[in-house]
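*Asks:*
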Amino acid sequence: MLRYALLRLLGAIPTLLLVIVLAFLMVHAAPGGPFDDERVLPPEIEKNIAKAYQLDQPLPKQFFTYMSGLLRGDLGPSYRYRDHTVSELIGSAFPLSLKLGAMAMLLAVVIGVGAGTAAALRKDSLLDRMLMAFAMTGISIPVFVIAPVLVLLLAVYLQWLPAGWSGTEGGGRFILPVISLALPQIAYIARLTRASMIDVLANDFVRTARAQGLGTSAIVRFHALKPSMLPVLSYMGPAIAAILTGSVVVEEIFGIPGLGQHFVRGALNRDYTLVLGIVVFYATLVVLLNLIVDLLYGVIDPRIRQR
Amino acid sequence: MSALGRAWRRARQNRVVVISGGLLAALVVVALVGPLLSPHSYLQTDFENILAAPSFADFHLFGTDDLGRDLFVRTLLGVQVTILVALVASAVSLVIGVLYGAIAGFAGGRVDAVMMRFVDTLYALPFIFFVILLMVAFERNFFLIFVAIGAVNWLDMARIVRGQTLSLREREFVQAAQLTGVSFSRIILRHIAPNLVGVVIVYVTLTIPQAILVESFLSFLGLGIQEPQTSLGALVDAGVNQMEGASWVLLVPASLLALVLLSFNFLGDALRDVFDSRQSR
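Laid out in structure tokens, this is it:
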């Protein structure tokens, strides 16, 4: 198992390197400099700015500087928020986004697996059809449509929940953002769970357990749940990426001061270093979380470990 | 091509295909014709009718936005732009995906392994962030949006085409062609490609809603289609800002976007069933 884990960890390094090189090149291939859209500056000052941000150096040298900073956790200065480094901005905004994402993921797994199992146990029933129609809707409709409609319904018309982030305190303000973020993932996970649960329940060991007089809930809990979780587990990687993407939208809609909001602001302000830093940070996060998912896969399924 | 003809006949008998396909066709026709029939244009502002509720009186069937522009015309324009971007982006991903997948599948062996390992690597990345990076680094123009979205969505297509090519390569008729000395390119064009058409059609139908999602996501954030042009995502974004006083500004484009996405997803799912049951026979 340790050998497997180390091998997977080594495999993640080229991926990360590819990400960083790609993102770095994209930003540096941009036409014009980062300060071009401001008022025209005398050439000496332009030169000094370029020097201060090391933009006068050849590209490989700049990349080397960036990489050596990166290894020390330094993502360089922000081009717009002059008083902050990119690392500071990420460090102050990320905990909130993490909290939001983790809650959404937890909700998605619990409800998605529950609904999928319920649908699988009553296959082709009315409940099954309703759940799957709901899932199809949840998959099709994007977060930025679901979230405002929920706000309109639950916050503006019914006034059950706070609509925005600022001006409210307590846990209530998390409810709508977390639900909006989780809904599409609930739908995906429910569909995956239903399909694989139906497959697993058709196995001989389930029939044996039933013949020995085990009840349905015991069969699901002790025999069917673990093997039917494998497709769900392998969906966790894409789910993490989707929740990160969704959090950008949700933070924008609810005005949550998280990393997603920084990202959008940075993108609109052409704050190259901030956007580059967040992309590198997100990509690293996704690759590492994927790695953890892979390792968990090995824990659940011994056949993978042995390879 | 007769295999395709049979599938077409089966598709027409499938209720979901007919309903969702018909709905999409009707929507496209309305989106193309509707703006011509309205007395308003998508640019014309009317400061006496700001955020007017939907009514028949001034032909503001869907009301007006915060600049008094007619939402009926703007929403239909948004449908046009959204579907156009999605179709072109899907075509881009189709070309990349089919070429990549067919080459990997037909070459086989080590080339295939390396090419597919690369696809796996890309799968693990939060691709949308690279698209945003691209939109930040370069001017936001239509062409770039097409290419960027197409470049995101080709991975599924490559995997599926590769799998299909791999199995086709082993089939008797391909081997017979090889034995009788038919050239490499002719085998791909005459024997492999026609048999890929079915799968490709199904997955293009499923790629289109993904492309719509990416485009409207970018436009929603203000990084995609720019004013005065519009798309459903940009309209939803504008609607969010007005929803407390004028809910229709949000609800009209939001429900149309939901309708388009649902129809494409149902269509793709149903088409997959049609083609799958053909293969299992």
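Residue numbers (this note's numbering), protein chains in the order written: chain D, 1 to 307; chain G, 308 to 588. Note that beta-carbon positions come from the ideal geometry of N, C-alpha and C, so glycine has one too. Quick caveat: nothing in here was measured; it's all calculated off a predicted structure.
Count the other CB atoms within 10 Å of the CB of G/Gln351; is the residue buried (16 or more) or exposed (fewer)?
*Replies:* Exposed, by the Cβ-count rule.
*Asks:* Out of curiosity, what's the CA-to-CA distance linking G/Asp373 and G/Ser570?
*Replies:* If I take the Cα positions, the gap works out to 30 Å.
*Asks:* Looking at the C-beta of D/Leu23, does it have a partner C-beta in chain G at a distance below 9 Å?
*Replies:* In the sequence as presented, Leu is not what sits at residue 23 of chain D; that position holds Ala. Interface residue, yes.
*Asks:* Quick one: grab the DSSP three-state call for G/Pro346.
*Replies:* Under the three-state reduction of DSSP, G/Pro346 is assigned to coil, being neither helix nor strand.
*Asks:* Going by DSSP, what residues sit across from D/Thr85 in a beta bridge?
*Replies:* D/Pro77
*Asks:* Thinking C-alpha only, which one of D/Ser196, D/Phe63, D/Ser140, D/Ala267 is nearest G/Val443?
*Replies:* D/Ala267
*Asks:* Would you mind telling me which residues of chain D sit closer than 8 Å to G/Val543, beta carbon to beta carbon, in chain order?
*Replies:* Phe144, Val145, Pro148
*Asks:* Any idea if G/Thr512 is buried or exposed, counting beta-carbon neighbours within 10 angstroms, 16 or more meaning buried?
*Replies:* By the beta-carbon neighbour count (other beta carbons within 10 angstroms, threshold 16), G/Thr512 is buried.
*Asks:* With burial defined as no fewer than 16 other Cβ atoms inside 10 Å of the residue's Cβ, what is the status of G/Ile435: buried or exposed?
*Replies:* buried
*Asks:* Fully enclosed by the stretch 93-181 of chain D, which beta strand (DSSP E) runs are 3 residues long or longer?
*Replies:* none
*Asks:* Classify D/Tyr157: buried if its beta carbon has 16 or more other beta carbons within 10 angstroms, exposed otherwise.
*Replies:* exposed
*Asks:* Which whole-angstrom value describes the C-beta separation of D/Ile253 and D/Ala135, a residue pair presumed to lie in contact below a C-beta threshold of 8 Å?
*Replies:* Incorrect: roughly 23 Å between the Cβ atoms, too far for contact.
*Asks:* Measure the alpha-carbon distance for D/Arg207 versus D/Leu10 and round it to whole angstroms.
*Replies:* 42 Å
*Asks:* Is G/Thr352 helix, strand or coil by DSSP?
*Replies:* coil
*Asks:* Ignoring anything shorter than 4 residues or poking outside the stretch 439-511 of chain G, list the alpha helix (DSSP H) runs there in chain order.
*Replies:* Restricting attention to alpha helix (DSSP H) runs no shorter than 4 residues, the stretch 439-511 of chain G encloses them at 449-459, 461-476, 479-486, ordered along the chain.
*Asks:* Measuring only between beta-carbons, confirm whether D/Ser140 sits less than 9 Å from chain G.
*Replies:* yes
*Asks:* Does DSSP classify G/Thr428 as helix, strand or coil?
*Replies:* When DSSP states are grouped into helix, strand and coil, G/Thr428 belongs to the helix group.
*Asks:* How would you call D/Gly213, buried or exposed, if buried means at least 16 neighbouring beta carbons within 10 angstroms?
*Replies:* exposed
*Asks:* Given this structure, state the Cα-to-Cα distance separating G/Gln471 from D/Val293, to the nearest angstrom.
*Replies:* 29 Å
*Asks:* CA-CA distance, G/Thr514 and G/Leu331?
*Replies:* 15 Å
*Asks:* Quick check: the stretch 92-105 of chain D against the stretch 524-542 of chain G, are at least 3 beta-carbon pairs closer than 8 Å?
*Replies:* No, the stretch 524-542 of chain G does not touch the stretch 92-105 of chain D.
*Asks:* Mind checking if D/Pro238 is an interface residue toward chain G, Cβ cutoff 9 Å exclusive?
*Replies:* yes
*Asks:* Taking G/Val506 as the reference, which of G/Glu355, G/Arg316, G/Val399, G/Arg579 has the closest Cα?
*Replies:* G/Arg579
*Asks:* Taking the alpha-carbon positions, what's the G/Ile499 to D/Ser97 distance?
*Replies:* 48 Å
*Asks:* Mind pulling the chain G residues with CB within less than 8 Å of D/Met26?
*Replies:* Under the 8 Å cutoff, chain G gives Phe437, Leu440, Leu441, Ala444.
*Asks:* Report yes or no: is there a C-beta of chain G within less than 9 Å of the C-beta of D/Gly266?
*Replies:* yes
*Asks:* With DSSP collapsed to three states, give me the class of G/Thr537.
*Replies:* coil
*Asks:* Would you list the one or two residues that DSSP bridges to D/Thr65?
*Replies:* The partner list for D/Thr65 (beta bridge, DSSP) is empty, contrary to what the question assumes.
*Asks:* Ignore the nearest five residues each way along the sequence and tell me which others in G/Ser538's own chain have a CB closer than 6 Å to its CB.
*Replies:* Gly385, Val388, Thr389, Ser526, Ile532
*Asks:* Residues bridged to G/Gln377 by DSSP?
*Replies:* Sequence inspection shows Asp at residue 377 of chain G; the Gln mentioned does not correspond to that position. Per DSSP, G/Thr371.
*Asks:* Whole angstroms are fine: how far does the CA of G/Val395 sit from the CA of D/Val279?
*Replies:* 27 Å
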